[in-house]
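S.K.: All letters in the sequence shown, in the order written, are residues 60 to 157 by my numbering. Every residue gets a Cβ at the ideal spot worked out from N, C-alpha and C, and that includes glycine. In this text, all values refer to a predicted model and were calculated from it rather than measured experimentally. One structure, as structure tokens, below. Some questions next.
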Amino acid sequence: MRIVTFKRIQEFSENHSDAQSALTIWYHTTVSKAWKNLAEIKLTFNSVAYVGNNSYVFNIRGNNYRLVAIISFKAQKVYIRFIGTHADYDKISDIKNI
60 MRIVTFKRIQ EFSENHSDAQ SALTIWYHTT VSKAWKNLAE IKLTFNSVAY VGNNSYVFNI
120 RGNNYRLVAI ISFKAQKVYI RFIGTHADYD KISDIKNI
């Protein structure tokens, strides 16, 4: 998979250094895969959730943080739309359209 918006990981890690290691692992794991569907993602990240509109939520660092990405299986691209605390994630009213 190709992560199109890696800069979001860098920016978030600057302000949340405790998430940097977990995000780095998520990044390297994701770019090494060629997922074709949700079932294949779940083999890698068991806690991933599909929330609609090609959007997927990943728990980061023991669910302290959440990462929301749009995944295009056909293009093999991952677009990071949100990285934040669990509390910040809970404030989003329409997660599938962020």
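How many Å lie between R125 and A108 at the Cα?
M.R.: Each residue's Cα considered, the two are about 11 Å apart.
S.K.: Among all the DSSP beta bridges, which residues are the ones paired with R61?
M.R.: Its beta-bridge partners are K136.
S.K.: By the three-class DSSP mapping on this structure, what secondary structure does A128 have?
M.R.: Strand at A128.
S.K.: What is the rounded straight-line gap between the Cα of S152 and the Cα of F71?
M.R.: Each residue's alpha carbon lies about 21 Å from the other.
S.K.: Between I130 and A146, what straight-line distance do the alpha-carbon atoms span, to the nearest angstrom?
M.R.: Distance between the alpha carbons of I130 and A146 is about 23 Å.
S.K.: For the beta strand (DSSP E) holding V107, just list the boundary residues, first then last.
M.R.: First-last for V107: undefined, no H or E at that position.
S.K.: Span of the alpha helix (DSSP H) holding S91?
M.R.: Per DSSP, S91 belongs to no alpha helix (DSSP H) and is neither H nor E.
S.K.: Compare the C-beta of E99 with all C-beta atoms of chain B and state if any pair is closer than 9 Å.
M.R.: No chain B appears in the structure shown, which is made up of a single protein chain.
S.K.: Note down the Cα distance separating L82 from G143, rounded to an integer number of angstroms.
M.R.: L82 and G143: Cα-Cα distance of roughly 11 Å.
S.K.: For I119, which residues does DSSP report across the bridge?
M.R.: I119 pairs with Y124.
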